[in-house]
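Below is one structure, written out as structure tokens; the observations come after it.
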């Protein structure tokens, strides 16, 4: 399967790093495209402030990235739809511009077989989250991989709903800062998001609330949520409180969570030690449940807590979903 990565930002670079580690022999990265230029792309790939330096060799050759002994062609087109994409089975669009369906349709018209979007696109043929609704994947050509938080939340809700029945719930994502926030106070669309990301905790919205309704429509309206952006560079968390129909005790919930980590290890993880966020950096799962944090109130309200590396875990799911689409 020949894959083109369009957009070489945080997710595009993480996808290429994850692929270079191995585990997807059926996927060939046939090209990387980004307007930043080859020299900058090679530098930012080799030296990563979050994940550390690439443990191998990186060179910028004319029109190609050389990773160890592998050559990945590189281009810097602003409009990739102007290029002949015949022979590309799938474009991973990591530009952030594919929220508009027309953008993806332009890539298909240029000859690409399918498009997988690394973010929300509510007009995509399907919003897919591995572990939640991959059974709906058929021959759709434009697929959204939702958001990092949706990839953590939706499988967890599906798991709890299948086991105990979800009646209602509230989710707070404790989320690291991202490039959408300024490092010093500067105007943004939302007032709170205009404040310095590295100094304050910032209460804000999360797209996971509406995307989870798309992914799990039978739970639509039952789950609401908000985000608190916090001054850390990597790894976020889902703090979920739910009212479950069967009113299980904490041990029963922990058993379901730990079993999921064994049966679906690419989606779920589970830890019993008292860890902090940095311990989960580069965790490849969609969500890693902190089992000791599981609690059930006398009234039957269940609280579960899980970590997710919002870049690395999401990048791994991009590769997994690309394989499914192929």
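In our numbering, the protein residues as written are 768 to 1093. The beta carbon of each residue, even a glycine, is placed where N, CA and C say it ideally should be.
Closest residue to residue i among the options (Cα-Cα distance)
i: residue 1006; options: 1060, 794, 882 and 960; result: 1060
i: residue 1095; options: 896, 1003 and 905; result: For residue 1095 there is no data in the structure shown, the boundaries of the chain being 768 and 1093.
i: residue 847; options: 872, 833 and 839; result: 872
i: residue 952; options: 961, 944, 945 and 946; result: 961
i: residue 778; options: 860, 834, 1052 and 806; result: 860
i: residue 833; options: 1089, 1072 and 806; result: 806
i: residue 811; options: 969, 783 and 795; result: 783
i: residue 959; options: 879, 903, 862 and 996; result: 996
i: residue 1013; options: 877, 931, 863 and 775; result: 931
i: residue 968; options: 945, 819 and 1076; result: 945
Cβ-based neighbour list, residue i, same chain, cut-off 8 angstroms, excluding 5 preceding and 5 following
i: residue 1058; result: 1021, 1024, 1025, 1037, 1038 and 1039
Cβ separation of residue i and residue j, assumed to be a contact under 8 angstroms, to the nearest whole Å
i: residue 843; j: residue 912; result: With 8 angstroms as the limit, residue 843 and residue 912 do not qualify as a contact, their Cβ atoms being about 24 angstroms apart.
i: residue 975; j: residue 939; result: Contact doesn't hold; Cβ gap of about 11 angstroms is too wide.
i: residue 979; j: residue 993; result: That pair is no contact at about 13 angstroms.
Exposed unless 16 or more other CB atoms sit within 10 angstroms - verdict on residue i
i: residue 1065; result: exposed
i: residue 1032; result: exposed
i: residue 936; result: buried
i: residue 809; result: buried
i: residue 957; result: exposed
i: residue 966; result: exposed
i: residue 896; result: buried
i: residue 927; result: buried
i: residue 828; result: exposed
Beta-carbon contacts of residue i that lie in its chain and below 6 angstroms, excluding the five residues immediately before and after
i: residue 881; result: 857, 908 and 1092
i: residue 866; result: 888
i: residue 890; result: 868
i: residue 1028; result: 1035, 1036 and 1037
i: residue 1056; result: 1024, 1037 and 1073
i: residue 817; result: 1000 and 1001
i: residue 780; result: 812
i: residue 1078; result: 777 and 781
CB contact check: residue i to chain D, cutoff 8 angstroms
i: residue 932; result: Given the protein chain composition of this structure (a single chain), no chain D is represented.
Segments assigned alpha helix (DSSP H), at least 4 residues, entirely inside the region 838-899
Entirely contained in the region 838-899, the alpha helix (DSSP H) runs reaching 4 residues are, in chain order, 868-876.
Give the list of continuous beta strand (DSSP E) stretches no shorter than 3 residues that lie fully inside the region 1027-1078.
You should have 1035-1038, 1054-1057 and 1068-1075.
Kindly provide the ranges of any beta strand (DSSP E) runs that are 3 or more residues long and lie completely inside the region 900-956, ordered along the chain.
Secondary structure remark: continuous beta strand (DSSP E) runs of at least 3 residues inside the region 900-956, in chain order: 909-911 and 933-943.
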